[in-house]
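Here the structure comes first, spelled out in C-alpha cells, and everything after it is commentary.
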Amino acid sequence: MIRMRLKVINKTVSVSLVVPVYKSASTLPQFYERARATLDQICDDWEIILVDDASPDQTWLAALALHEQDRRVKVVRFAKNKGQQHATLCGIGYAGKRYVVTIDDDLQCFPEDLPLFIDQLQAGKHVVIGKIPMAEKQHSAWRNMASRINQKLVSKVMGKPTGFSLSSYRAMSQQVARQLVRYQGSHPHIAAMLFNSVPVSMMANVSIRHAPRADGGPSTYTLGKMFKTLSFLIVNYSLLPLRYVSIWGFLVSASSIFFAMYVLLRTLLTDHVVPGWASLAILLSFLAGNILLALGVQGEYLGRLVENATHLSQFPIIEEHVE
-6 MIRMRLKVIN KTVSVSLVVP VYKSASTLPQ FYERARATLD QICDDWEIIL VDDASPDQTW
54 LAALALHEQD RRVKVVRFAK NKGQQHATLC GIGYAGKRYV VTIDDDLQCF PEDLPLFIDQ
114 LQAGKHVVIG KIPMAEKQHS AWRNMASRIN QKLVSKVMGK PTGFSLSSYR AMSQQVARQL
174 VRYQGSHPHI AAMLFNSVPV SMMANVSIRH APRADGGPST YTLGKMFKTL SFLIVNYSLL
234 PLRYVSIWGF LVSASSIFFA MYVLLRTLLT DHVVPGWASL AILLSFLAGN ILLALGVQGE
294 YLGRLVENAT HLSQFPIIEE HVE
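Shown next, in the form of C-alpha cells:
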C-alpha cells in the first residue's frame, strides 16, 4: 500500500508534471492514477505532459488513451529516439504552470512525494531535487556506479557541492523552466543546465522514496545510453578534455626534450652509441599516438560545433495533442 505524503497547500498553486516515457505501456495507467490523486490533493490547476521518446511498443496508444480520458494530460510523440534528456527538455517547453516537476515513468520514484517539492518551492527555492538515500536505491550495481560518476562529473564541471545529490525527480519555478528551454544545443543535460542557471543557495534537496520498477523488468536506461549522456556532459559543458590534452602534450614534449638531452650527453661523454632504430620507432609511435589522441578530442568539439551550427532538430516531434 502506498503511503501518501499529503499536505494542505494553497489551492492557487499550479503544477506541470513532465514525464518522459519509453516502453511503459503497461505502467502508464497506474502512473496516471497515482499522479492524478496526488495532484488533486495539492492544487486545482495542474497538467501532466507525457513525451513518448519513440517507444517501439504500445506506449503512444496508452498515452493517447489517457489524453482522451483526461484533457489535462498532454501528449507529445517523437519520430526518433533521442533520449531522456531531450524528452524531458521538450516536455518542459510545453509546461505552462507556476511550478514544473519532472519525474520518470517507471514508478521507482513516488508521485506521492510531490508535496515535498512544492513545499520547498513555496518556501522560496527555485530548484528542488530529490535525494534517494543509498540504502533505498533499487538500481543495479552498474547503474549506481554510473550515477556516482555522473554526480562527480557535475561537481567537477558545474561546481555542484559534494553533498548535493542529483536525480531525475526534480521541481523548478517557471522562471527557471523558461531559462532551460532557451537552450539551443543538440545535447541537453538537465542537471548541468540547472546548476548553470541557478545559484546553489536557491536550490534544495529533499529525501524521497525509491521502489523497484513497476513492470518488474530491467531499466531501459542502458549502460550505453548512460555512457553517451556522460560523454555529452564532459564535451558540451566543459573544456576539461582540451585542458587535459594540453597538459599531457606539455608533459610529453618535456619528456622528449629530456630524452634528447640524455641521448646527446651519453653520445658525447661516452663511447656508447644509443641504438637507434628500436628506440626511434617506439618514440615516433608514441608521439603519433598522442597527436591522434589530441586530434580526436578536438574533433569531438568540432563535431558539436557543426551540430549546433546546422541547427539539427532537438525534438523530432511527429505528433502532439496538447489542447
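The numbers in our numbering rise by one with no breaks, and the one at position 80 of the sequence shown is 73.
Ideal Cβ placement from N, Cα and C applies to all residues, glycine included.
It should be emphasised that the depicted structure is a prediction, and the values quoted were computed from it without experimental measurement.
With 16 other CB atoms within 10 Å as the buried threshold, where does K149 fall?
By the neighbour-count rule (16 or more Cβ atoms within 10 Å), K149 is not buried but exposed.
Run of the beta strand (DSSP E) containing N74, from where it starts to where it stops:
Unbroken run through N74: none, as it is neither H nor E.
Identify every residue that forms a DSSP beta bridge with I122.
R163 and N198
Environment of A344 [buried if 16+ CB atoms lie within 10 Å]
Residue 344 cannot be examined here, being either before or after the span of the chain that is shown, -6 to 316.
Would you tell me roughly how many angstroms separate the C-alpha atoms of I96 and P234, rounded to the nearest one?
31 Å
Which of helix, strand or coil DSSP assigns to E40:
Three-state DSSP puts E40 in a strand.
T155, buried or exposed, once every other Cβ within 10 Å from all chains shown has been counted against 16:
exposed
The beta strand (DSSP E) enclosing Y92, as first and last residue numbers:
Y92 to T95
With DSSP collapsed to three states, give me the class of D112.
In the structure shown, D112 adopts helical secondary structure according to DSSP, grouped into three states.
Buried versus exposed call for S48 [16 or more other C-beta atoms within 10 Å across all chains shown]
With 16 or more neighbouring CB atoms inside 10 Å of its own CB, S48 falls in the buried class.
What residues in its chain sit with their C-beta under 7 Å from that of T5, if we drop five residues either side in the sequence?
none
Within 10 angstroms of its Cβ, does W39 collect 16 or more other Cβ (buried), or is it exposed?
buried
With 16 as the cutoff for other CB atoms within 10 Å, does D63 come out buried or exposed?
Burial call: exposed.
Expressed to the nearest angstrom, what Euclidean distance is found between the alpha-carbon atoms of L273 and A253?
If I take the Cα positions, the gap works out to 11 Å.
Alpha carbon of P309 to alpha carbon of F71, nearest angstrom:
5 Å
Under 8 Å between the Cβ atoms of A56 and D46?
D46 sits away from A56, with the two beta carbons spaced by 8 Å or more.
Please check the pair C102 and G76, which I expect to be a contact at CB under 8 Å, by giving their CB distance rounded to whole angstroms.
No, C102 and G76 are not in contact; Cβ-Cβ is about 18 Å, not under 8 Å.
Close beta carbons around H180, own chain, < 6 Å, minus the five adjacent residues each side
F225 and N229
Taking the beta carbon of Q23 as the centre, do at least 16 other beta carbons fall within 10 Å, making it buried, or is it exposed?
exposed
Would you kindly report the start and end of the unbroken alpha helix (DSSP H) that includes E26?
L21 to I35
Mind checking whether I41 and V66 have CB atoms under 8 Å apart?
Yes, the Cβ-Cβ distance between I41 and V66 is below 8 Å.
Quick one, are the C-beta atoms of L32 and L59 less than 8 Å apart?
no
First and last residue of the beta strand (DSSP E) that includes H314?
I310 to H314
Same chain only: Cβ atoms within 6 Å of M(-6), ignoring 5 sequence neighbours per side:
Residue confidence for M(-6) is low, a pLDDT of 49 falling below 50, so the modelled location carries little weight and cannot support an answer.
Check this for me: beta carbons of R91 and V121, under 8 Å apart or not?
no
Can you have a look at V94 and say buried or exposed, based on whether 16 or more other CB atoms are within 10 angstroms of its CB?
V94 comes out buried.
Bounding residues of the alpha helix (DSSP H) (the contiguous stretch that carries S231)
No residue range can be given for S231, since it is assigned to no alpha helix (DSSP H) and is classified by DSSP as neither H nor E.
Can you check DSSP and say which residues form a bridge with P13?
V44
Determine, using beta carbons only, whether L21 and D98 come nearer to each other than 8 Å.
yes
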